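One point on numbering: in the numbering used here, the residue at position 212 of the sequence shown is 784, and numbering is uninterrupted.
Here a beta-carbon is modelled for each residue, glycine too, at the ideal position from N, C-alpha and C.
Every value quoted in this text rests on a predicted model; they were computed, and no experiment measured them.
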Amino acid sequence: MINEQGADHHSTITRVRAGLQGLDVGIPEGWPEYVLHQMVTVMREGAEVKLSKRAGSYVTLRDLIDWVGCDATRYFLVARAPTSQLTFDVDLALARSNENPVYYIQYAHARCASVLRKAQETDSGLKVNEGLAHLGCLSEAETLALTITLGRFPEVVGTAAERLEPHDVANYLRDLAADFHSFYNAHKVLEGTAETMTARLALVAATQQVIASGLGLLGVSAPDVM
573 MINEQGADHH STITRVRAGL QGLDVGIPEG WPEYVLHQMV TVMREGAEVK
623 LSKRAGSYVT LRDLIDWVGC DATRYFLVAR APTSQLTFDV DLALARSNEN
673 PVYYIQYAHA RCASVLRKAQ ETDSGLKVNE GLAHLGCLSE AETLALTITL
723 GRFPEVVGTA AERLEPHDVA NYLRDLAADF HSFYNAHKVL EGTAETMTAR
773 LALVAATQQV IASGLGLLGV SAPDVM
């Protein structure tokens, strides 16, 4: 069990753990595990949303979901380390631009899906699963950068899980999307020799799978069309 609270409740940790140890019922020391979060500032229409407990003015999680949807809410809240102050920019979360990390990552996934659909529609006989055997014929800088980033995924996920730092996965996906967009803009996937095309298709398929898996870990959807 992981107990998530605001940083202003830091003194609660010691009292709760001491009380549980006082029960002497075999509860391990240091249980439960805590993650303390800094406060969240909400920006909307270019201005900070003023919050006041006394005035009953506040923003709930439901408000954020109603404003920007589940995907953006989940990503934005998890994309920063809990020890860092978070500014939740509602306008940015709604933007359909590269500055919006959720849109940027999901668009990369949709691009992958589009390329793979086109490859199937052309009925060229290209087999994506054979592309891995031809990766050696690709030596462009954008291709190598994408390949290296794809290879980091298992380590990133493992470390994030061990350290309770899901923001590492969110930031990794942003980097992966950037590398894929650079690769996509620099090279025509469905042009060239059969070996080149299948190798590039294999990278596209791998990128789609990794983005879908990473977003799934964060509870964010991976649309095929945008």
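In chain order, each alpha helix (DSSP H) run of at least 4 residues that lies wholly inside the segment 649 to 676:
Here the runs fully enclosed are 662 to 666.
Closest by CA to residue 709, which one among 574, 581, 765 and 596?
Mapped onto the sequence shown, residue 709 falls at position 137. It is 765 whose Cα lies nearest to the Cα of residue 709.
Helix, strand or coil for residue 615, going by three-state DSSP, please let me know.
For the purposes of this step, residue 615 is identified with residue 43 of the sequence shown, where counting begins at 1. Three-state result, residue 615: strand.
Would you mind reading off the limits of the alpha helix (DSSP H) that contains residue 582?
Position 10 of the sequence shown, counted from the start, is the residue given in the question as residue 582. Residues 582 to 594.
Residue 700 to residue 683 span [Cα, whole Å]:
Position 128 of the sequence shown holds residue 700. Position 111 of the sequence shown holds residue 683. Straight-line Cα distance between these residues: approximately 16 Å.
Give me whichever residues DSSP pairs with residue 609 in a beta bridge.
What you label residue 609 is simply residue 37 of the sequence shown in a count that begins at 1. Residue 609 is bridged to 578.
Compare the C-alpha of residue 787 against each of 742, 591 and 623 and name the closest.
Working through the sequence shown from its first residue, we reach residue 787 at position 215. Closest option to residue 787, Cα to Cα, is 742.
Helix, strand or coil at residue 686 according to DSSP, with G and I counted as helix:
Looking up residue 686 in the sequence shown gives position 114. Three-state result, residue 686: helix.
What runs of the alpha helix (DSSP H), each 4 residues or longer, lie entirely inside the segment 699 to 732?
713 to 723
To the nearest angstrom, report how far apart residue 715 and residue 722 are at their CA atoms.
As a position in the sequence shown, residue 715 is number 143, starting the count at 1. As a position in the sequence shown, residue 722 is number 150, starting the count at 1. Whole-angstrom Cα-Cα distance: 11 Å.
Please classify residue 731 as buried or exposed, where buried requires at least 16 other C-beta atoms within 10 Å of its C-beta.
Residue mapping note: residue 731 aligns to position 159 of the sequence shown, counting from 1. So residue 731 counts as exposed.
Quick one: Cα of residue 644 to Cα of residue 789, how far?
The residue you call residue 644 lines up with position 72 of the sequence shown. The residue you call residue 789 lines up with position 217 of the sequence shown. Rounded to the nearest whole angstrom, the C-alpha separation of residue 644 and residue 789 is 14 Å.
What is the DSSP secondary structure of residue 754, counted as helix, strand or coil?
The residue you call residue 754 lines up with position 182 of the sequence shown. In the structure shown, residue 754 sits in a helix (DSSP, three-state: H, G or I).
What three-state label does DSSP hand residue 785 in the structure shown?
Here residue 785 refers to the residue found at position 213 when the sequence shown is read from its first residue. Residue 785 falls in the helix class under three-state DSSP.
Give the DSSP-derived three-state secondary structure of residue 693 in the structure shown.
The count along the sequence shown starts at 1 and reaches residue 693 at position 121. The answer is helix: DSSP assigns residue 693 an H, G or I state.
Cut-off 8 Å between Cβ atoms - residues of its own chain near residue 629, not counting five sequence neighbours on either side
Within the sequence shown, residue 629 is the residue found at index 57, counting from 1. 622 and 623, listed in sequence order.
For residue 665, does the count of other Cβ atoms within 10 angstroms reach 16, so buried, or fall short, so exposed?
To locate residue 665, count along the sequence shown from 1; it is residue 93. Result: buried.
Pair every Cβ in the segment 648 to 662 with every Cβ in the segment 599 to 614, then say whether three or more of these pairs are closer than 8 Å.
yes
What residue does the alpha helix (DSSP H) around residue 637 start on, and which one ends it?
Position 65 of the sequence shown, counted from the first residue, corresponds to residue 637. Unbroken alpha helix (DSSP H) run through residue 637: 633 to 640.
Beta-carbon contacts of residue 610 that lie in its chain and below 7 Å, excluding the five residues immediately before and after:
Mapped onto the sequence shown, residue 610 falls at position 38. Excluding residues within five positions, the ones whose Cβ falls inside 7 Å are 579, 654, 655, 656, 657 and 658.
Where does residue 763 sit, in a helix, a strand or coil, going by DSSP?
If you number the sequence shown from 1, residue 763 lands on position 191. Note: residue 763 maps to coil in three-state DSSP.
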